[in-house]
Ligand SMILES: [Fe+2]
Ligand SMILES: [Fe+2]
């Protein structure tokens, strides 16, 4: 196998042995390789130094007074900071059982005493290389995953923007209602990760309006029955648009799109789902969406006061809205109003 061109000089190697002569030999062996060396003459000391300096590799003697090498390894493997440091056992014991125990404790390799200096050098180099390659790989995977998530989010945002162009709602509506949704999810006990996902998924709730003809969507007056039926198809159309999504955020946005007009008492659309048949994220977004619609000015109506909007939430608790969510929404009202303030519509809405 060809030598890799990884630069290993400067990597940290901790050498543990209770016999000073062995430490001296190992120093002599490894120093020319350019590693930064640390030494410990007991298991306790080794753990202390490893935790503090986080070496890239540990050469660990097995038989030592106090805690032996296996126990030392055990403890290092049980600490998050040190658990991934590769450990090579250096042992005089030749019985196969001990060697197996070493591997079971999490060692990556072993060297038998008395050792050949050359062998020590090669094994140390091999394991440092493997571990460096693994670290690089992990970092690459992390970077790529981040890029992938970013581009998914980007697509989701742009799709949401496309819907806004068709609607008479402003872009600020989806910003506010998605923030309210995430806050309400948090208050309900959703994890930070789920709340973040809801924040990104809820702006898509009305994406199906892309498929509603302008004569209906942009009609200034009240919709007649036929037009209203067409308008209602936006929930299913949105779910259809989002249906091929494989990412969690797209799946959640599909759920939100199809359920954000369902009502707790079963009188909503498109399916007439009732109570907890409606997914939680749908029930959350419903409240956030309606509250923002009520408290915002629209071409066909003035903005309602916060008090009046809250009154509607209370009156409709258990009818339109999940009765366990309405009190939570009132609890987070101060934060909701902060967001409302921060993302309020500009004075002139005629642009
Ligand atoms: Fe809608
Ligand atoms: Fe909306």
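Residue numbers (the numbering used here): 3 to 353. Just so you know, even glycine gets a beta-carbon here, dropped at the ideal spot from N, CA and C.
Three-way DSSP call (helix, strand, coil) for residue 188 in this model: Residue 188 sits at position 186 when you count from the first residue of the chain shown. The answer is helix: DSSP assigns residue 188 an H, G or I state.
Paired residues, beta bridge with residue 37 - DSSP: Taking the chain shown and counting its residues from 1, the one referred to as residue 37 is at position 35. Answer by DSSP bridge pairing: none, since residue 37 is not bridged.
Quick one: give me the first and last residue of the alpha helix (DSSP H) that residue 232 is part of. Walking along the chain shown from the start, residue 232 turns up at place 230. 227-234 is the span of the alpha helix (DSSP H), which, as asked, contains residue 232.
Going by DSSP in three states, residue 353 sits in which element: helix, strand or coil? Locating residue 353 in the chain shown gives position 351, where the first residue counts as 1. Note that residue 353 has pLDDT 42, beneath the 50 cutoff, so the model's placement of it is unreliable and the number below is only indicative. Correct three-state label for residue 353: coil.
Per-residue burial, residue 266 [other beta carbons within 10 Å of its own, 16 or more giving buried]: To locate residue 266, count along the chain shown from 1; it is residue 264. By the neighbour-count rule (16 or more Cβ atoms within 10 Å), residue 266 is buried.
Below 6 Å from a heavy atom of ligand 1 - residues by beta-carbon: Residue selection by CB proximity (closer than 6 Å to any heavy atom of ligand 1) returns 207, 208, 236, 262 and 263 in chain order.
Do residue 67 and residue 16 come within 8 Å of each other at the CB atom, strictly closer than that value? The residue you call residue 16 lines up with position 14 of the chain shown. The residue you call residue 67 lines up with position 65 of the chain shown. Not a contact, by the Cβ cut-off of 8 Å.
Residue 4 in three-state terms, based on DSSP: Numbered from 1 along the chain shown, position 2 holds the residue referred to as residue 4. Because residue 4 carries a pLDDT of 43, less than 50, the predicted location of this residue cannot be relied on, and the following value inherits that uncertainty. Three-state DSSP puts residue 4 in coil, outside helix and strand.
Suppose the cutoff is 6 Å on Cβ atoms and the five residues either side in sequence are ignored; what does the same chain contact list for residue 65 look like? Here residue 65 refers to the residue found at position 63 of the chain shown. Cβ neighbours of residue 65 beyond the five flanking positions: none.
On the DSSP bridge assignment, give the partners of residue 93 in chain order. Taking the first residue of the chain shown as position 1, residue 93 is located at position 91. DSSP, once it has assigned bridges, lists 114 as partnering residue 93.
Is residue 52 helix, strand or coil when you go by DSSP? For the purposes of this step, residue 52 is taken as residue 50 along the chain shown, with counting starting at 1. Residue state, collapsed to three classes: helix.
Our contact map puts residue 241 next to residue 212 with C-beta atoms below 8 Å; I'd like the distance itself, whole angstroms only. For this step, residue 241 is matched to residue 239 along the chain shown. For this step, residue 212 is matched to residue 210 along the chain shown. At roughly 13 Å, the Cβ-Cβ gap does not stay under 8 Å, so residue 241 and residue 212 are not in contact.
Continuous beta strand (DSSP E) stretch holding residue 100: start and end: Sequence index remark: in the chain shown, residue 100 carries index 98 (1-based). Residue 100 -> not in any beta strand (DSSP E); alpha helix (DSSP H) instead, spanning 98-106.
First and last residue of the alpha helix (DSSP H) that includes residue 63? As a first step, residue 63 is located in the chain shown; it is residue number 61 there, counting from the start. That residue, residue 63, is in no alpha helix (DSSP H); its beta strand (DSSP E) goes 59-63.
Taking the Cβ atom as the reference point for each residue, do residue 287 and residue 322 lie within a distance shorter than 8 Å? Taking the first residue of the chain shown as 1, we reach residue 287 at position 285. Taking the first residue of the chain shown as 1, we reach residue 322 at position 320. No, these two residues do not count as a Cβ contact at 8 Å.
Within the same chain, show all residues whose beta-carbon is closer than 8 Å to that of residue 214, passing over the 5 residues directly before and after it, in chain order. As a first step, residue 214 is located in the chain shown; it is residue number 212 there, counting from the start. 168, 232, 233, 235, 236 and 239.
At what residues does the beta strand (DSSP E) containing residue 14 begin and finish? If you number the chain shown from 1, residue 14 lands on position 12. Element bounds for residue 14: 14-18.
In this structure, how does DSSP classify residue 323 when only helix, strand and coil are distinguished? Residue numbering aside, residue 323 sits at position 321 when the chain shown is read from its first letter. Note: residue 323 maps to strand in three-state DSSP.
Among 163, 147, 87 and 144, which one has its Cα closest to the Cα of residue 133? Against the chain shown, residue 133 aligns to sequence position 131. Here the closest residue by C-alpha is 87.
Could you compute how far the alpha carbon of residue 114 sits from the alpha carbon of residue 131? Start at 1 with the first residue of the chain shown, and residue 114 comes out as number 112. Start at 1 with the first residue of the chain shown, and residue 131 comes out as number 129. Here the C-alpha atom of residue 114 lies approximately 21 Å from the C-alpha atom of residue 131.
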